[in-house]
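Numbering (the UniProt record's numbering), first residue to last: 1 to 299. C-beta: ideal position from N, C-alpha, C; glycine also. In what follows, a single structure is set out as structure tokens and then discussed.
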């Protein structure tokens with residue numbers, strides 16, 4: 001029959017989400033592309049799998065029966081492909097590692113240990129945009145990524161969580177906070193907090209720019225940015241304030257911007273993540289190296 005794997009993948013995700021928009025977001029394609037894949041699959045099968053109205057999406061009886069039979073078969077096929085690829089590749093070739101912000105001590109020590117253990121495997125480092133922490137993994141542009149937490153994506157596996165560091169508030173050097181030794185989290189109501197725009201999920205964006213103080217008072221919303229440099233430019237011109245982890249501020253010093261410690265906020269952490277369907281021997285070997293070095297450094 002020649003069923004396309006992409007059609008089956010789209011249908012399985014749609015059966016979970018029951019929403020064309022969310023399905024497209026998970027697969028990093030448009031809602032129209034999901035509709036196109038579903039129509040193609042239904043033509044191949046010769047029957048409707050989904051009933052769609054303006055208010056809801058439901059599986060037809062045929063669709064529900066197909067999902068029940070397809071899911072274990074699709075999982076077995078994916079597992080077989082992964083095992084075969086892993087056996088063929090081993091721990092050599094190229095491992096693509098993404099990072100957000102700066103290449104901190106944890107990442108560099110993990111790379112050093114990995115290359116000592118696996119001299120036949122080289123590493124490519126790629127910076128990940130602030131506004132898109134997970135997209136490079138979904139698009140298969142990197143094999144692993146060290147990104148700001150939290151990570152709640154069902155398709156991604158969270159390994160080592162490290163680099164637990166205090167947060168600082170970047171403010172214009174003209175702002176009254178710039179002369180302070182510290183500020184309290186409750187005082188964030190006195191600034192417009194720079195947020196993140198782009199494909200990052202809302203829960204992740206809220207973690208980087210909290211909508212309220214720990215005691216529940218709303219924090220004024222500032223401009224939204226896609227990159228860290230954009231955020232610091234907004235700070236320097238007095239349009240908002242930006243929360244950053246302590247190590248990042250050490251690499252981003254510049255005229256016109258002051259970094260003030262904030263008391264009462266949870267520490268910032270980084271998480272090592274990879275796609276569940278692309279967990280290779282190289283990925284596992286790097287995760288092991290990262291865990292080993294974290295024990296030496298202390299998270």
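Secondary structure of residue i, DSSP reduced to three states
i	result
residue 223	strand
residue 49	coil
residue 275	strand
residue 241	strand
residue 269	strand
residue 13	helix
residue 259	strand
residue 294	helix
residue 231	helix
residue 301	Missing from the structure shown is residue 301; the chain here goes from 1 to 299 and no further.
residue 1	Summary for residue 1: the model assigns pLDDT 44, below 50, so the residue's position carries little reliability; its value from the coordinates is reported in the next sentence. Coil at residue 1, not helix or strand.
residue 163	strand
residue 39	helix
residue 78	helix
residue 157	strand
Reference residue i; option with closest CA among the options
i	options	result
residue 165	126, 267, 143, 156	267
residue 122	150, 43, 111, 106	111
residue 58	44, 21, 14	14
residue 125	94, 201, 148	94
residue 176	37, 206, 241	241
residue 294	190, 105, 201	105
Rounded C-alpha distance that separates residue i from residue j
i	j	result
residue 48	residue 35	13 Å
residue 42	residue 229	47 Å
residue 2	residue 130	With a pLDDT of 46 at residue 2, under the threshold of 50, the modelled position of this residue cannot be trusted; read the value that follows with caution. Approximately 40 Å, taken between the alpha carbons.
residue 73	residue 287	29 Å
residue 45	residue 54	24 Å
residue 173	residue 259	9 Å
residue 197	residue 160	26 Å
residue 28	residue 181	44 Å
residue 274	residue 100	14 Å
residue 66	residue 156	25 Å
residue 270	residue 61	44 Å
is_contact[residue i, chain B] using C-beta, thresh 8 Å
i	result
residue 68	In the displayed structure, chain B is absent; only one protein chain is listed.
7 Å CB neighbourhood of residue i in its chain, flanking five on each side removed
i	result
residue 251	102
residue 33	24
residue 224	195, 196, 197
residue 76	none
Beta-bridge pairing of residue i - partner residues as DSSP gives them
i	result
residue 123	95
residue 104	Partner(s): none; residue 104 has no beta bridge.
residue 29	Note: residue 29 sits in no beta bridge, so no partner.
residue 172	257
Cβ-heavy atom distance, residue i to the ligand PLP, below 7 Å
i	result
residue 108	What this structure holds is no ligand at all, so the ligand PLP is not there to describe.
Own chain residues within Cβ distance below 8 Å of residue i, not counting five before or after
i	result
residue 38	7, 10, 11, 14, 49, 50
residue 232	170, 242, 252, 254, 257
residue 189	213, 217, 218, 219, 220
residue 97	107, 111, 123, 124, 125, 126, 142, 143, 144, 145, 146, 286
Residues near residue i in its chain [Cβ-Cβ closer than 6 Å; skip 5 each side]
i	result
residue 114	286, 289
residue 291	160
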